[in-house]
Amino acid sequence: MKIGFPRALFYFDYFPFWAGFFHRLNIEVVTSPATHRQIMEQGLKKASDETCLPLKLLAGHIQALKDVDAIFLPRMVSVEPDTYTCPKFLGIPESLFPAVPSGIPVLTVVLNWRKGKRQVLKDLQVFGRQLGKNKAEIRKAFTLGQEWQKRYQDSMGAGWDFEESIREIERAQKGLKDSASPPECGRGQGARTSTSAVSLKEQNTDRLRIALVGHSYLTQESYANLNLLGRLREKTEVQLVQHVSQEDVESHLLGLRKKLFWNHAKQIFGSGNKFVRDHEIDGIIYLSCFGCGTDSMVQELLAWKAREQHKPYMVVTLDEHSGEAGLVTRLEAFLDMVERRRVHEGYVSTYGERLDRDSNTL
Ligand code: SF4
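Letter 91 of the sequence shown, counting from 1, is numbered 172 in the working numbering, and no numbers are missing.
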């Protein structure tokens with residue numbers, strides 16, 4: 082059996098779990114190609130106008146899945162206790178049925194970690210019956226999926242490169258490694274990026290240090306974000322939300338009057354708040370997307386924190402109409418401003434000092 086897995090949205094955070102799960106069940110997983118213009122255009126035709134860019138991309142990737150027996154679209158309700166994924170995540174797969182090529186069935190399962198591990202396993206076992214697998218087989222697949230996911234998250238937490246970590250998962254899927262052992266994500270020579278948390282301290286580099294915060298499916302999606310991450314890496318050392326440990330995220334949520342309800346909002350705010358307070362970080366770019374409810378709130382909360390700490394902060398909002406020229410101009414202006422602040426240690430003119438203190442967000 083060949084299952085199609087779109088290279089969008091949940092792919093960027095949870096693909097290792099599903100890859101391990103299906104690998105143990107001897108089910109081949111085929112992913113759609115990296116995003117290109119046609120995928121984006123196809124997605125725009127089939128997704129609702131009001132939805133966010135990542136969902137439109139998902140609609141395009143679903144249509145790009147050819148020659149598969151079924152398309153897998155999990156309903157990821159909650160990925161950890163006490164939080165939910167956003168309402169647009171919850172509407173999958175139904176909201177994307179118009180994008181599914183005719184004749185290809187959709188496989189789905191509810192994943193709700195708020196109900197606990199036992200319930201998640203039970204739901205997977207019910208799903209497993211559709212695949213002709215028994216409870217014991219599903220239990221083993223679940224364990225392997227968790228191992229692959231943990232290894233992947235650990236490697237990202239240590240600052241390893243996303244593409245390299247995913248390539249290891251794909252190599253393991255193809256059976257190049259022992260199926261019982263998790264892939265050695267990001268452990269190979271050269272896999273480490275120059276941006277890891279450890280390397281920032283070790284390198285003692287003169288380059289600017291910029292934190293790029295936002296959803297993984299935007300910051301790592303180089304076609305949709307107009308290669309923002311690549312452009313930043315050419316000139317600066319970059320830190321991402323995925324490089325921040327869970328303990329750091331949790332500790333930087335303290336002080337909020339209410340818990341953040343959505344999982345992505347929590348990760349982004351916790352990491353962003355850590356970057357705001359980190360003296361190693363010279364500036365923060367929030368990559369948000371038009372139509373995202375959680376971004377509209379979190380980007381304001383972070384702007385407020387950045388103002389308190391006098392940290393340069395810029396919001397870049399993406400949609401399908403975003404142009405390269407505008408992005409490059411804003412990026413250059415922001416980096417110039419951050420550089421100037423660093424050289425002058427924050428002391429610009431008297432007039433500028435006032436401006437600097439109260440309105441350092443662009
Ligand atoms: S969190 Fe925002 S960007 Fe992500 S799926 Fe929901 S609305 Fe879209």
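All C-beta atoms in this analysis are idealised placements derived from N, C-alpha and C, irrespective of residue type, glycine included.
For glutamate 201, the three-state DSSP class (helix, strand or coil): With the sequence shown as reference, residue 201 is identified as valine, and glutamate is not the correct amino acid for it. Helix, per DSSP.
Best match in Ile349, His391 and Trp385 for proximity to threonine 375 [C-alpha to C-alpha]: Ile349
C-beta neighbour in chain B for alanine 180, strict 8 Å: Protein chain content of the structure displayed is limited to a single chain, and chain B is not contained in it.
beta-carbon proline 393 near ligand 1 non-hydrogen atom, thresh 7 Å: Residue side-chain check: proline 393 keeps its Cβ at 7 Å or more from all non-hydrogen atoms of ligand 1.
Residue environment, phenylalanine 223, which counts as buried when at least 16 other CB atoms sit within 10 Å: The residue is buried, with at least 16 neighbouring Cβ atoms inside 10 Å.
Ligand 1 heavy atom lying under 7 Å from the CB of aspartate 376: Yes; taking the cut-off as 7 Å, the Cβ of aspartate 376 has a heavy atom of ligand 1 nearer than that.
Any non-hydrogen atom of ligand 1 closer than 7 Å to histidine 117 Cβ: no
Under the three-state DSSP convention, the category valine 187 falls into: strand
Assigned exposure category for arginine 26 - 16 Cβ within 10 Å defines buried: The question about residue 26 has no answer here: the residues shown for the chain are numbered 82 through 443.
Spatially closest choice to glycine 209 from Ala292, Ile219 and Leu134, by CA coordinates: The residue among Ala292, Ile219 and Leu134 with its C-alpha nearest the C-alpha of glycine 209 is Ile219.
Distance between beta carbons of serine 369 and leucine 307, contact taken as under 8 Å: The Cβ separation is near 14 Å, so there is no contact.
Secondary structure of valine 110, DSSP reduced to three states: strand
At least three beta-carbon pairs within less than 8 Å, the segment 181-200 to the segment 388-403: no
Endpoints, beta strand (DSSP E) assigned at tyrosine 233: That residue, tyrosine 233, is in no beta strand (DSSP E); its alpha helix (DSSP H) goes 216-238.
Test item: CB-CB of valine 149 and glycine 85 under 8 Å: yes
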